[in-house]
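Novice: Provided herewith is a single structure, encoded as structure tokens, for subsequent inquiry.
Number of protein chains: 2
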Amino acid sequence: MTTRQQTEEASFEGLVVGVDIGGTNLRVALANKAGTIVGRWSYSTVGIRDPQEIVRMTCKGVEALLSANASSHGDLVAIGAGAPGITDTDHGKVLATSYLMGWKNIPLRDLLEAELGVPAFVDNDVNMAAFGEHSAGSARGVDNFVFLAIGTGVGAGIILNGEPFRGEGWIAGEIGYMLVPGTSVGLVEAGEPGALEAIVGGEGIRSHWQGVWSEGSTELTKDATATQIFDEALAGNPLAHAVLGLASRTLAYAIYNISLVLNCPLFVLGGNVGLHPALVDATRVILKGRNARVQSRLVPSSLGVEAQLYGAVFQAIAIAGKPNPGR
Amino acid sequence: MTTRQQTEEASFEGLVVGVDIGGTNLRVALANKAGTIVGRWSYSTVGIRDPQEIVRMTCKGVEALLSANASSHGDLVAIGAGAPGITDTDHGKVLATSYLMGWKNIPLRDLLEAELGVPAFVDNDVNMAAFGEHSAGSARGVDNFVFLAIGTGVGAGIILNGEPFRGEGWIAGEIGYMLVPGTSVGLVEAGEPGALEAIVGGEGIRSHWQGVWSEGSTELTKDATATQIFDEALAGNPLAHAVLGLASRTLAYAIYNISLVLNCPLFVLGGNVGLHPALVDATRVILKGRNARVQSRLVPSSLGVEAQLYGAVFQAIAIAGKPNPGR
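Chain order of the listed sequences is Z and H. Position in the first sequence counted from 1, then plus 43, gives you our numbering. Position in the second sequence counted from 1, then plus 43, gives you our numbering.
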């Protein structure tokens, strides 16, 4: 199997832009038609909620990158953007983001196209990251796999037949709410972490650590981050190891459940918590210990925090120079 | 949305056959190109393991049905068959069945084509049932849904974009092993029920009943079947109600998990246990109680035990008169 990018030669000349709209940073990348990033630009988005403002900042970044690359606006052929929320890719709308940004039904594609004058494609950031891994990362050449983004929250980007699978309500892969042995079955209010997230997400891991932490038992502070706790587990601290054990066991159950549904051969772990080698290794051991009929491989994301940006770049390449009968 | 059967007119003249190969019965249906069954034939398969014998019995059924319909063998244009095991539809092979039949790598499609002289299509029986519901049952017009077969075992047939989704190893939907709150997390040996099956499957329900049963507390015997226990729950018996409660709660967790992954709007419950209105209703109440972002509908199969047979008929219609470049 090969990726679409490897089998189809891009039928355009020019440059594309990939955008990752995050809660703390807006990142913009300029790339050629092979997907090679030739320039990067980023800007803090802390406190910025207005989508028009995000679009204006994006344009500023695009112009700065084109200028630094000695290119003109006429060289730009398409833009892809990942947004941190539920996204209707048919209509290019961000239906909802977390309460932090508070977006509702934002026509992000139209806003970007109006400002930049080139075709745009927008998708949820986890789907973008999955597409990035498929196009240029750990899942290159694998047409059916699941990308798991584990940071503060937990979400999945599902690739089937080489394309993101988004579900009828654009929320396929919302596995942060999954119920597995050990999770709460209580109802979750809006803004609260989901059942799985409460154990496997960064804040859940910190909170477990705070519960078991005691003075003198570790050099790590009580308010350590998930990745610091995992580092401490690797260093042999038994408390940290117990926290890692619960997170990896619970994550392994979720991966096992997803693999029962989709029977896909590969899972890619991403996000700042998901990338940690201690979590990847411990989860892999538990998965291997289950006598599943088909063993799924578990690998860390090779693109890391760049996965969304690459996904946006490759989605821009996918739409560049192509007619879009949907509009 | 409409089904393929509704939008494309069948491009052939003649009759098709659908076959359901079960552990206790072989059922054969003769149908016209609209999918209307014009004749049925069945035969006991108890004690029969030889695939050649199953194929010979199938031919006997086909000839009997053609003759009863005053048709000749020349009127037959295609055959579809559902088998109780993991099936590679690309190569028409049954890779494995339960230990009862013990099939391994049986080229069922080739065997049927050699005997009957018409194109054949073989698939797993749960996928066939899902396709039946999509073509002529509760999921008519719904292109993304999950069919849950709950009998002795528990399995799912997943329809995405109007077609069965089978997974890379042909075992997508093998949810009998799913881990949800309350299930065992212990390893399952071959032939043993999976974690979910052990609670939601017919034998699991009986075993729970046997554990809570006491003389005088119910008119039902200790060795009652799952559907008898559910009848008793509907009649108001508290012990039976507790057994129903655990089964429906555990099933609701599994459905909720699948809907998080696939974000599909409909679940169809089939199989002799899954069809029971007490289970359907109790599970629906629990699902509605969860404040999911998108609520999936839960309905019983309208084809009941005929779902596989209809699926086989409609798959035969789908291949009838069409070139097959895969062979």
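Every residue gets a Cβ at the ideal spot worked out from N, C-alpha and C, and that includes glycine. Here the structure is a predicted model, which means the values were calculated and not measured.
Need the endpoints of the beta strand (DSSP E) that Z/Pro207 sits in, please.
Specialist: Position 164 of the first sequence, counting from 1, holds the residue named residue 207 of chain Z. Run containing Z/Pro207: Glu206 to Phe208, per the beta strand (DSSP E) assignment.
Novice: Label Z/Gln358 either buried or exposed according to how many other C-beta atoms from any shown protein chain fall within 10 Å of its C-beta, with 16 as the threshold for buried.
Specialist: Start at 1 with the first residue of the first sequence, and residue 358 of chain Z comes out as number 315. Buried is the call here.
Novice: When the Cβ atoms of the segment 333-347 of chain H are set against those of the segment 239-253 of chain H, are three or more pairs found closer than 8 Å?
Specialist: Judged by Cβ distances under 8 Å, the segment 333-347 of chain H makes no contact with the segment 239-253 of chain H, as fewer than three pairs qualify.
Novice: Unbroken beta strand (DSSP E) runs of length 3 or more, entirely within the segment 87-173 of chain H: which are they?
Specialist: Listed in chain order, they are 119-126, 128-131, 136-140, 147-149 and 163-167.
Novice: With a Cβ-Cβ cutoff of 7 Å, do Z/Leu119 and Z/Leu58 count as a contact?
Specialist: Start at 1 with the first residue of the first sequence, and residue 119 of chain Z comes out as number 76. Start at 1 with the first residue of the first sequence, and residue 58 of chain Z comes out as number 15. A contact, by the Cβ cut-off of 7 Å.
Novice: Taking only the alpha-carbon atoms, compute the straight-line gap between H/Lys103 and H/Gly200 and give it to the nearest angstrom.
Specialist: Translated into positions along the second sequence, residue 103 of chain H becomes position 60. Translated into positions along the second sequence, residue 200 of chain H becomes position 157. Rounded to the nearest angstrom, the two C-alpha atoms are 29 Å apart.
Novice: Given Z/Gln271, which residues of its chain have a CB within under 7 Å of its CB, disregarding the five upstream and five downstream residues?
Specialist: Taking the first sequence and counting its residues from 1, the one referred to as residue 271 of chain Z is at position 228. Leu263, listed in sequence order.
Novice: Would the segment 312-322 of chain Z count as touching the segment 181-200 of chain Z if we require 3 or more Cβ pairs under 8 Å?
Specialist: Yes: the two stretches touch, three or more of their Cβ pairs being nearer than 8 Å.
Novice: Determine the burial state of H/Gly279: buried for a count of at least 16 other Cβ atoms within 10 Å of its Cβ, exposed for fewer.
Specialist: For this step, residue 279 of chain H is matched to residue 236 along the second sequence. Per the 10 Å Cβ criterion, exposed.
Novice: What first and last residue would you give for the beta strand (DSSP E) that runs through H/Ala199?
Specialist: Position 156 of the second sequence, counted from the first residue, corresponds to residue 199 of chain H. Note, H/Ala199: beta strand (DSSP E), Val197 to Leu203.
Novice: Buried or exposed, going by whether 16 or more other CB atoms sit within 10 Å of the CB of H/Thr79?
Specialist: In the second sequence, residue 79 of chain H corresponds to position 36, counting from 1. Looking at its Cβ environment, which holds fewer than 16 other Cβ atoms inside 10 Å, H/Thr79 is exposed.
Novice: Count the other CB atoms, across all protein chains shown, that sit within 10 Å of the CB of H/Arg92; report buried if there are 16 or more and exposed otherwise.
Specialist: Locating residue 92 of chain H in the second sequence gives position 49, where the first residue counts as 1. The residue is exposed, with fewer than 16 neighbouring Cβ atoms inside 10 Å.
Novice: Considering only the beta carbon of each residue, do H/Met171 and H/Gly347 sit closer than 7 Å?
Specialist: As a working note, residue 171 of chain H is residue 128 in the second sequence. As a working note, residue 347 of chain H is residue 304 in the second sequence. No, the pair does not count as a contact, with Cβ atoms beyond the cut-off.
Novice: Excluding the 5 residues flanking Z/His134 on each side, which residues of the same chain have their C-beta closer than 7 Å to its C-beta?
Specialist: Translated into the one-based positions of the first sequence, residue 134 of chain Z becomes position 91. Hits under 7 Å: none found.
Novice: For Z/Ala124 and Z/Ile64, which I take to be in contact (beta-carbon distance under 8 Å), what is that distance rounded to the nearest angstrom?
Specialist: Within the first sequence, numbered from 1, the residue matching residue 124 of chain Z stands at position 81. Within the first sequence, numbered from 1, the residue matching residue 64 of chain Z stands at position 21. The Cβ separation is near 6 Å, so the contact holds.
Novice: Would you call the segment 148-165 of chain H in contact with the segment 197-214 of chain H, where contact means no fewer than 3 C-beta pairs closer than 8 Å?
Specialist: No: fewer than three Cβ pairs fall under 8 Å.
Novice: Using a Cβ-Cβ distance cut-off of 7 Å, determine whether H/Thr50 contacts chain Z.
Specialist: What you label residue 50 of chain H is simply residue 7 of the second sequence in a count that begins at 1. A caution first: H/Thr50 carries a pLDDT of 42, below 50, which makes its placement in the model too unreliable to give a value.
Novice: List the whole-angstrom C-beta distance separating H/Val62 from H/Thr101, where the pair is believed to meet the contact cut-off of C-beta under 8 Å.
Specialist: As a first step, residue 62 of chain H is located in the second sequence; it is residue number 19 there, counting from the start. As a first step, residue 101 of chain H is located in the second sequence; it is residue number 58 there, counting from the start. With a Cβ gap of about 6 Å, H/Val62 and H/Thr101 count as contacting.
Novice: With distances taken between CB atoms, is the gap from Z/His177 to Z/Ile218 smaller than 7 Å?
Specialist: The count along the first sequence starts at 1 and reaches residue 177 of chain Z at position 134. The count along the first sequence starts at 1 and reaches residue 218 of chain Z at position 175. In this structure, Z/Ile218 does not lie closer than 7 Å to Z/His177 by Cβ.
Novice: I need the DSSP call for Z/Trp252, collapsed to helix, strand or coil.
Specialist: Numbered from its first residue, the first sequence carries residue 252 of chain Z at position 209. If DSSP states are grouped into helix, strand and coil, Z/Trp252 belongs with the helices.
Novice: Given a cut-off of 7 Å, decide if Z/Pro94 and Z/Ile149 are closer than it, judged by their beta-carbon atoms.
Specialist: Within the first sequence, the letter at position 106 stands for residue 149 of chain Z. Within the first sequence, the letter at position 51 stands for residue 94 of chain Z. For Z/Ile149 and Z/Pro94, yes; Cβs fall inside 7 Å.
Novice: Please report the distance separating the alpha-carbon of Z/Val373 from that of Z/Gln351.
Specialist: In the structure as shown, chain Z starts at 44 and stops at 370, and residue 373 of chain Z therefore has no counterpart that could be examined.
Novice: In whole angstroms, what is the alpha-carbon distance linking Z/Pro236 and H/Gly196?
Specialist: Locating residue 236 of chain Z in the first sequence gives position 193, counting from the first residue. Locating residue 196 of chain H in the second sequence gives position 153, counting from the first residue. Their backbone Cα atoms lie some 33 Å apart in a straight line.
Novice: Grab me the residues of Z/Val81's own chain with a C-beta within less than 7 Å of its C-beta, minus the 5 sequence neighbours each way, in chain order.
Specialist: As a first step, residue 81 of chain Z must be located in the first sequence, where it is residue number 38. These residues qualify, in order along the chain: Leu73, Ala74, Asn75 and Asn112.
Novice: Taking only the alpha-carbon atoms, compute the straight-line gap between Z/Leu222 and H/Asn300 and give it to the nearest angstrom.
Specialist: Locating residue 222 of chain Z in the first sequence gives position 179, counting from the first residue. Locating residue 300 of chain H in the second sequence gives position 257, counting from the first residue. Each residue's Cα considered, the two are about 7 Å apart.
Novice: Is there a Cβ of chain Z sitting closer than 7 Å to that of H/Ala215, yes or no?
Specialist: Working through the second sequence from its first residue, we reach residue 215 of chain H at position 172. So yes, H/Ala215 belongs to the interface.
Novice: For Z/Ile218 and chain H, any beta-carbon pair shorter than 7 Å?
Specialist: On the first sequence, position 175 is the one that residue 218 of chain Z refers to. Chain H, which has a Cβ nearer than 7 Å to the Cβ of Z/Ile218, makes this yes.
Novice: Using a Cβ-Cβ cut-off of 7 Å, state whether Z/Thr46 counts as contacting chain H.
Specialist: Translated into positions along the first sequence, residue 46 of chain Z becomes position 3. Interpretation of Z/Thr46 is limited by its pLDDT of 41, a score under 50 that renders its predicted location unreliable; no figure is taken from the coordinates.
Novice: Under 7 Å, Cβ to Cβ, is there at least one residue of chain Z near H/Leu303?
Specialist: Taking the second sequence and counting its residues from 1, one reaches residue 303 of chain H at position 260. At least one chain Z Cβ lies under 7 Å of H/Leu303.
Novice: Closest to H/Asp153 by C-alpha separation, out of H/Ala173, H/Met144, H/Thr132 and H/Ser141, would be which residue?
Specialist: One-based indexing of the second sequence puts residue 153 of chain H at position 110. Answer by Cα proximity: H/Thr132.
Novice: With 7 Å set as the bound, which would you pick, yes or no: does the beta-carbon of H/Gly212 sit closer than that to a beta-carbon of chain Z?
Specialist: Counted from its first residue, the second sequence places residue 212 of chain H at position 169. Interface residue, yes.
Novice: If Z/Ala325 and Z/Leu287 are in contact, beta carbons under 8 Å, what's the gap, nearest whole angstrom?
Specialist: One-based indexing of the first sequence puts residue 325 of chain Z at position 282. One-based indexing of the first sequence puts residue 287 of chain Z at position 244. Yes, Z/Ala325 and Z/Leu287 are in contact; Cβ-Cβ is about 6 Å, under 8 Å.
Novice: Answer with buried or exposed for Z/Leu230, where buried requires no fewer than 16 other C-beta atoms within 10 angstroms of its C-beta.
Specialist: Your numbering for residue 230 of chain Z matches position 187 in the first sequence. It is exposed - the Cβ of Z/Leu230 has fewer than 16 other Cβ atoms within 10 Å.
Novice: Consult DSSP for H/Ser291 and reduce its assignment to one of helix, strand or coil.
Specialist: For the purposes of this step, residue 291 of chain H is taken as the residue at position 248 of the second sequence. The answer is helix: DSSP assigns H/Ser291 an H, G or I state.
Novice: Could you give the distance in angstroms between the alpha-carbon of H/Ser115 and the alpha-carbon of H/Ile360?
Specialist: Your numbering for residue 115 of chain H matches position 72 in the second sequence. Your numbering for residue 360 of chain H matches position 317 in the second sequence. Taking the straight line from one Cα to the other gives about 18 Å.
Novice: Is H/Ala267 closer than 7 Å to H/Ala276 when the C-beta atoms are compared?
Specialist: Start at 1 with the first residue of the second sequence, and residue 276 of chain H comes out as number 233. Start at 1 with the first residue of the second sequence, and residue 267 of chain H comes out as number 224. Contact: no.
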